[in-house]
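Just below is one structure, and these are the notes that go with it.
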Amino acid sequence: MIGWGSASMFQAIRLFLARRSDFASQQFALLLFAVLFAASPLAVLAHGWFATGSWFTGFLMVGSTIALLALGRWREFEIDARDVIYCCLLLAVGASLALNEIGPDRKEFYLLTLTLAAYPAARLYRAKLLSGSFILLIAAVVAAGTLATIPSLIEQWSDPDHPKVVVFGLYDAAPAQFTMLLGFLLLSVTAWRLTWRGAVLVAALSAMPAFVFAACQVRFTFVAIAVASWLRSVLQTSRDNNSTSS
-4 MIGWGSASMF QAIRLFLARR SDFASQQFAL LLFAVLFAAS PLAVLAHGWF
46 ATGSWFTGFL MVGSTIALLA LGRWREFEID ARDVIYCCLL LAVGASLALN
96 EIGPDRKEFY LLTLTLAAYP AARLYRAKLL SGSFILLIAA VVAAGTLATI
146 PSLIEQWSDP DHPKVVVFGL YDAAPAQFTM LLGFLLLSVT AWRLTWRGAV
196 LVAALSAMPA FVFAACQVRF TFVAIAVASW LRSVLQTSRD NNSTSS
C-alpha cells in the first residue's frame, strides 16, 4: 500500500514537472515568435535608445528564426494548401535566382533568405498566437514605439524638410512599422468576444497610438487595418450565420 502510494506520488510529481516544462517551453517559444514578429520595430528602438548596430538586428532575426525552427512541432507537421503555395513561391524565387543570379549586394540575398525562413519558423510555432501573453508583448512594443515617436513628431511638426516623421532622426519607416504592429494588435484583440466595457477599454488604450501614428501621415497602413477589420467582420458574421443555420 505504501509502495503504491509512493509510486502515485512520484508519478504526480513527474506529470507536474512535465507540465511546467511544457509551459515554460511554450512561453519561451512565445517570446521568440514575438521577437521575430516585431524584429524591425525592436531593432529601431534598440538602435535609438541603446545605440546598437546592425549586428543586433541580425541577432534578432537570425537567432529567433533558428530557435523557433529548433523548437518547432516537427512531429505534428502535416502538409496543407499553405505549404503548397509556399513551395510554389520557393520555386519562383529559385528560378529567378537561376536566371538572374545573385546581385552584387549580398545583404539583399541574406534578407531574402531570412524572409523565406520565417514561414517554416512560424508554421511550426506551437503556442497560441492570440494568447494573452503574446498580445501583451506586442502591446508593450507598440507603447514603446509610441513613446519613441512623440518627441520626433513634436520636433518635426512644422519642419518642411521632413514630410514624414523621422524617429530618432534616422528611421522614416518606423511609424509605419509601429502602425502595422498596432493593426495586428487590434485585429487580435477584437477577435475575442469583447464585452462593451472591454471594447471601450481597447478603444481608449489604442486612441493615443492611433493619434500619434496618424499625425505621422501613415495613411495606407490605416487603410489596410480598416479593410482587414471589415473583412474579418464579414467572415465572422458569415461563420456565425452558418453555425446558427446548421
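Residue numbers (my numbering): -4 to 241.
Heads up, the beta-carbon is just placed ideally off N, CA and C, and yes, glycines get one too.
Residue range of the alpha helix (DSSP H) that includes residue i
i, result
"Ile145", "127 to 150"
"Tyr114", "101 to 118"
"Ala41", "34 to 45"
"Leu94", "76 to 95"
"Thr190", "Looking at the DSSP string, Thr190 is not in any alpha helix (DSSP H), and its letter there is neither H nor E."
"Ser49", "49 to 53"
"Ser59", "59 to 66"
Expected contact under 8 Å - CB spacing of residue i and residue j to nearest Å
i, j, result
"Val160", "Leu142", "Not quite, the Cβ-Cβ distance comes to about 14 Å (not below 8 Å), so this is no contact."
"Ala171", "Leu40", "Contact flag wrong, Cβ pair sits at about 15 Å."
"Leu31", "Thr60", "6 Å"
"Leu64", "Leu119", "7 Å"
"Leu25", "Ser126", "7 Å"
"Ala62", "Leu92", "Actually they are not in contact, since the Cβ atoms of Ala62 and Leu92 sit about 27 Å apart, beyond 8 Å."
Neighbourhood of residue i by C-beta, 7 Å cutoff - its chain only, sequence neighbours within 5 removed
i, result
"Pro204", "Val137, Thr141, Leu177"
"Ala29", "Phe129, Leu132, Ile133"
"Tyr166", "Val39"
"Phe5", "With a pLDDT of 39 at Phe5, under the threshold of 50, the modelled position of this residue cannot be trusted, and the question is left open."
"Ala210", "Leu148"
Spatial distance of residue i from residue j (CA atoms)
i, j, result
"Tyr114", "Ser35", "16 Å"
"Ala223", "Thr216", "10 Å"
"Val279", "Glu73", "Given that the chain is displayed from residue -4 to residue 241, the structure contains no residue 279 and the question cannot be resolved."
"Val162", "Asp154", "14 Å"
"Phe23", "Cys82", "28 Å"
"Ser228", "Arg188", "12 Å"
"Phe45", "Ala38", "10 Å"
"Val57", "Ala33", "13 Å"
"Ala90", "Lys102", "19 Å"
"Leu10", "Glu71", "Its pLDDT being 43, under 50, Leu10 is placed unreliably in this model, and the coordinates cannot settle the point."
"Gly48", "Leu109", "18 Å"
"Asp75", "Leu84", "15 Å"
"Pro158", "Leu94", "39 Å"
"Gln151", "His42", "20 Å"
"Ile97", "Phe104", "7 Å"
Close-in-space but distant-in-sequence residues of the same chain around residue i (CB under 6 Å, 5 per side omitted)
i, result
"Trp225", "none"
"Gly164", "none"
"Leu106", "none"
CB contact flag (residue i, residue j, <8 Å)
i, j, result
"Ile220", "Leu180", "no"
"Thr185", "Val213", "no"
Any non-hydrogen atom of the ligand FMN closer than 7 Å to residue i Cβ
i, result
"Leu106", "For the ligand FMN, the structure offers nothing, since it holds no ligand at all."
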